[in-house]
Structures are given as C-alpha cells and as structure tokens.
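The structure appears below as structure tokens.
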Amino acid sequence: MTAHNVTRRLSGAGLSGDFAVVEAILRDRRSFFDGIRNGQALGIKIRAMLISSIAFLMVYGGVMGSTHSLAQTISSALKLPALFLVTLLICLPTLYFFNVLFGSSQSLTQNFALILTAVTVTSVLLLSFAPITLFFMLTSSNYQFFKLLNVAIFAITGVIGVTFLYQGMTYISTNDELAALAALPTESLDEQARANELRRQAETGRQARKRILQLWVLVYAFVGTQMAWTLRPFFGAPGLPFEPFRQLGGNFYTNILASLAEVFGFGIVH
Numbered sequence: 148m149t150a151h152n153v154t155r156r157l158s159g160a161g162l163s164g165d166f167a168v169v170e171a172i173l174r175d176r177r178s179f180f181d182g183i184r185n186g187q188a189l190g191i192k193i194r195a196m197l198i199s200s201i202a203f204l205m206v207y208g209g210v211m212g213s214t215h216s217l218a219q220t221i222s223s224a225l226k227l228p229a230l231f232l233v234t235l236l237i238c239l240p241t242l243y244f245f246n247v248l249f250g251s252s253q254s255l256t257q258n259f260a261l262i263l264t265a266v267t268v269t270s271v272l273l274l275s276f277a278p279i280t281l282f283f284m285l286t287s288s289n290y291q292f293f294k295l296l297n298v299a300i301f302a303i304t305g306v307i308g309v310t311f312l313y314q315g316m317t318y319i320s321t322n323d324e325l326a327a328l329a330a331l332p333t334e335s336l337d338e339q340a341r342a343n344e345l346r347r348q349a350e351t352g353r354q355a356r357k358r359i360l361q362l363w364v365l366v367y368a369f370v371g372t373q374m375a376w377t378l379r380p381f382f383g384a385p386g387l388p389f390e391p392f393r394q395l396g397g398n399f400y401t402n403i404l405a406s407l408a409e410v411f412g413f414g415i416v417h
C-alpha cells in the first residue's frame, strides 16, 4: 500500500475513515511514515489520529473509573485523553527545536503527527487491554493490585507506542538524508569531496538526533507521570467520596512503591 492509498483510505466519510488510521499505522507503517515525510494530507491524518486516540482513551478511562462511581467513570473518561494530549503539547516544542538544531528538515506539524502516532498506538493497545482490566476489576477487590495492574499496562503500551515514534523518526530522517545526498552533484573531484563531507555531517546529525530522541522519551515519561499524578484520581479510592482532583503532595513513584509494599504485605497505603 502506497502513501497515496493510505491517504485515500483516511479520507473516507465519517468515523470509519478516521478509525482506519489505526489499521494504516499497524499494517503499513512505512507508507504512513512516507505520507508524513512528504507532507501528504497531514491535516487528515492528524484529525483521524486525534479522533481515534481520544475515543479509545475515553473508553479505557471509563473502564478505570467504573471501579468507583458513575461520576468517577465520566471524570476518568475525560481526564485520560487530556493526560496524553497535554503531555504531548508540553513536550513537542523540545523535540522539534532540538531536532531542527541538529539538521532536521521536518516541520512542527510533521513532528506533531509523528508523536501523535505514538499516542494513537498506545491508545488502541490500551483499548485491547480493556477486557483484561474489566476481568480483574470484577474478580479482585484489592485496590492497590488493580492500580499496579494498570500501571503495568500503561508501561507496556507506552513503550510500544514510543517504539513506533522511534521507528518513524529514524525512517524519515534516514530517507531525508538519502534524498538530499542523492541530489548532490559528484562529477568533479571537488564536488565528490564536498558530497563526502556532507555525508559525514549528515551522519553526525542523525546520530545526535537519535540521542536527543532517546533523552526526550525519558522527559516525556517523567512529564507524563507527573501529569497523571496531578490529574488523579483515575480510579477513586474505595470508601472515599468522589472527588475530581486531589490535593497536590507526594509523588507518583513513592506511591507506587507504597502500593507494591501493601500488595506484598509489607505495609498499608493511607
């Protein structure tokens, strides 16, 4: 399937055309990345990914919140898409400007589309885990275990989503460099020497962008976990009334360690 065919499928009327983005990413990611690299129908792709990821995240958020009350279900269904999209918007400028600094020719919109690809993959994988989450919600009354289960699910799906982002960035960067180098004249010795120097510079820039992306993923993870802690609760503690947000204090990592201690019988989380 070519990038043009992918774009044509996404242009289908209604939600079916928007949800087709998931199949396009999962089945033929190279054509999808080619479309982003060439700037083909970026608006259509971004709209389709936004609609799909918001819908999938709302469903999974509702599943998480349903352990407590209807109000918590609605609140979690709204907060989970907000968590992912706000984190994306906070981290997007850092990745874009550092990539430009080290030679990337991709626009801000193309970078946004690539990161949104990771969010879309993560959201569809979370949706696929929804039956498992429902099963444990119905068969286990241990709040801390259910919380840790969801942390593990988010970690797994997030890693896979970021892997798609890494593949997309690498694929586009490599093809941009190959296209630029192929267009260089190499008839004379001076032109050949200049082409070799540009190849070395391109390779240096590509390696730098890879390292930047690896560091950016860590920043993205830290921002995401802090944002999740700020927007909590997503589950709603048993025995406590519904509250849309909790007071700031503590942090995500100490809370997870305390939950692990309770699950394994070493303490109780208050």
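So the mapping is simple: the numbering used here equals the position in the sequence shown, first residue as 1, plus 147. Using N, Cα and C, we set each Cβ at its ideal position, and we do this for glycine too.
In its own chain, which residues sit with a C-beta less than 6 Å from the C-beta of residue i, not counting the 5 before and 5 after it?
{"i": "T304", "result": "T269, L272, L273"}
{"i": "K226", "result": "L378"}
{"i": "S200", "result": "V266, T267, S270"}
{"i": "R353", "result": "S320"}
{"i": "Y318", "result": "F180"}
{"i": "D131", "result": "Here the chain comprises residues numbered 148 to 417, so residue 131 is not present and cannot be evaluated."}
{"i": "F418", "result": "The structure shown does not extend to residue 418, since the chain is modelled only from 148 through 417, so no value can be given for it."}
{"i": "G308", "result": "A265, V268, T269"}
{"i": "H215", "result": "G383"}
Is it buried or exposed, residue i, if we count other Cβ atoms within 10 angstroms and call 16 or more buried?
{"i": "Y400", "result": "exposed"}
{"i": "L281", "result": "exposed"}
{"i": "A160", "result": "Unreliable placement is indicated for A160, whose pLDDT of 48 sits below 50; no coordinate value is reported for it."}
{"i": "E350", "result": "exposed"}
{"i": "R347", "result": "exposed"}
{"i": "S275", "result": "exposed"}
{"i": "F411", "result": "exposed"}
{"i": "L248", "result": "exposed"}
{"i": "L395", "result": "exposed"}
{"i": "G386", "result": "exposed"}
{"i": "N258", "result": "buried"}
{"i": "A302", "result": "exposed"}
{"i": "G186", "result": "exposed"}
{"i": "A299", "result": "exposed"}
{"i": "R174", "result": "exposed"}
{"i": "V366", "result": "exposed"}
{"i": "P391", "result": "exposed"}
{"i": "S406", "result": "buried"}
{"i": "S222", "result": "buried"}
{"i": "V169", "result": "buried"}
{"i": "R358", "result": "exposed"}
When DSSP labels each residue in this structure, what does residue i get in the three-state scheme?
{"i": "G386", "result": "coil"}
{"i": "L225", "result": "helix"}
{"i": "A402", "result": "In the sequence on display, residue 402 carries Asn and not Ala. DSSP places N402 in helix when its eight states are reduced to three."}
{"i": "S320", "result": "helix"}
{"i": "G397", "result": "coil"}
{"i": "D165", "result": "helix"}
{"i": "D175", "result": "coil"}
{"i": "S200", "result": "helix"}
{"i": "G186", "result": "coil"}
{"i": "T372", "result": "helix"}
{"i": "P240", "result": "helix"}
{"i": "R358", "result": "helix"}
{"i": "G412", "result": "coil"}
{"i": "T351", "result": "helix"}
{"i": "R379", "result": "coil"}
{"i": "F249", "result": "coil"}
{"i": "T419", "result": "Nothing about residue 419 can be read from this structure; the chain reaches only from 148 to 417."}
{"i": "A160", "result": "The predicted position of A160 is uncertain, since its pLDDT is 48 and thus under 50; no value can be drawn from it."}
{"i": "F392", "result": "coil"}
Residues in the same chain with beta-carbon distance under 8 Å from residue i, minus the five sequence neighbours each way, listed in chain order, please.
{"i": "W363", "result": "C238, T241, L242, F245"}
{"i": "L296", "result": "T280, F283"}
{"i": "S287", "result": "F293"}
{"i": "R177", "result": "Y318"}
{"i": "N398", "result": "Q373, W376"}
For residue i, collect the residues of the same chain with a Cβ closer than 7 Å to its Cβ; drop the 5 residues on either side in sequence, then sort them by chain order.
{"i": "V370", "result": "T234, I237, C238"}
{"i": "N219", "result": "As written in the sequence, residue 219 is Gln, which differs from the Asn given in the question. So the list reads G212, G383, F389, once near-sequence residues are dropped."}
{"i": "A277", "result": "V206, Y207, V210"}
{"i": "R393", "result": "R379, P380"}
{"i": "A224", "result": "M205, G208, G209, G212"}
{"i": "M316", "result": "L261, L360"}
{"i": "M374", "result": "L230, V233, T234"}
Practice task
Tell me the start and end of each unbroken alpha helix (DSSP H) in the region 251-313 that is at least 4 residues and wholly inside, in chain order.
Solution key: 255-286
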